[in-house]
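Right, one structure below, let's go through it.
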Amino acid sequence: MELTGVLKAKVCLIGEAAVGKTSLIRRYVEDSFDDRYISTLGSKISLKRVWLTPRGGDASKRLEVQLSIWDLIGERSYLDTLHQEYLRGAQGLIAVCDVTRYSTFEALDEWLNAAFKVSGSVPIALVVNKTDLKDRVICLYDDHEPEEKARRYGGFAMWASAKSGENVNPIFGNLTLAIVRKVAMVGAT
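Just so it is clear: in the sequence shown, position 130 is 497 by the working numbering, and no numbers are missing.
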């Protein structure tokens with residue numbers, strides 16, 4: 368099935384506090400970065416429009432994707448209550464961990480399992496954020512670990528830096544394409 372026109376998609380960023388969810392969104396939506404940490408209370412919604420053109424470049428068949436990007440509070444204590452409301456209707460997830468704190472990577476299983484209970488099986492991106500700090504810490508991640516975990520959940524993994532912008536656009540772009548493909552497949556059945 369070929370999609371044209373407008374597609375509205377809800378994407379939720381999940382993960383522990385201070386992993387850089389807000390910074391990734393700010394870098395993607397506003398192309399800016401702020402070193403100050405401000406805890407997200409509840410959720411914050413940002414909007415971003417992207418246009419996709421099919422291979423071959425026929426501009427008349429362009430698809431506008433209106434992304435509603437939800438930044439969720441990084442407290443697992445809310446997983447059974449508040450997050451259920453925020454995750455309802457999500458068509459994609461970005462699960463974020465911090466390269467300097469391995470515990471945030473380990474916690475992603477709990478985050479993803481709770482999210483899938485509400486959203487069902489949706490496309491996911493697993494993001495190891497703060498790669499700009501990788502040289503200043505002993506990295507406890509084996510390079511293959513994020514990819515293996517993402518594959519278990521049917522998604523992909525990328526290393527990123529909201530500070531430098533490294534891989535931020537490809538993360539959102541690849542997830543958007545995965546969402547569009549899933550919508551097209553569902554519409555074709």
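Here a beta-carbon is modelled for each residue, glycine too, at the ideal position from N, C-alpha and C.
- Minimum Cα-Cα distance from Gly459 among the listed residues Val432, Val466, Asp401, Tyr469 corresponds to Val432.
- Burial is judged here by how many other beta carbons sit within 10 angstroms of a residue's own beta carbon; Val489 has at least 16 and is buried.
- Between the C-alpha atoms of Glu512 and Ile405 there is a straight-line separation of about 29 Å.
- As DSSP reads the structure, Arg468 sits in a beta bridge with Asp465.
- Burial check for Arg422: the Cβ neighbour count within 10 Å stays below 16, so the residue is exposed.
- Under the DSSP assignment, Asp401 falls outside any alpha helix (DSSP H); it carries neither an H nor an E label.
- Here Met552 is not bridged, per DSSP, to any residue.
- Look at the region 508-542 and you find these whole runs of alpha helix (DSSP H), each 4 residues long or longer: 511-519.
- Around Ser390, the same chain offers Phe400, Asp401, Asn496, Ala529, Lys530 as residues with beta carbons nearer than 8 Å, after the five sequence neighbours per side are excluded.
- The three-state reading of DSSP puts Lys497 in coil, since its state is none of H, G, I, E or B.
- For Val535, same chain residues with a beta-carbon under 7 Å away, outside a window of 5 residues either side, are Leu391, Arg394, Tyr395, Ala527, Ala529 in chain order.
- Here Thr467 has Lys497, Leu500, Val504 as same chain residues with Cβ atoms under 7 Å from its own Cβ, once five neighbours each way along the sequence are excluded.
- His450 places its beta carbon 8 Å or farther from that of Ala492.
- Here Leu430 carries a strand assignment [DSSP, helix/strand/coil].
- At the C-beta level, Val378 and Trp437 come within 8 Å of one another.
- Per the coordinates, the alpha-carbon of Ser427 lies some 36 Å from the alpha-carbon of Val463.
- In this chain, the alpha helix (DSSP H) harbouring Leu475 covers 475-486.
- Cβ atoms of Ile461 and Leu380 come within 8 Å of each other, at about 5 Å.
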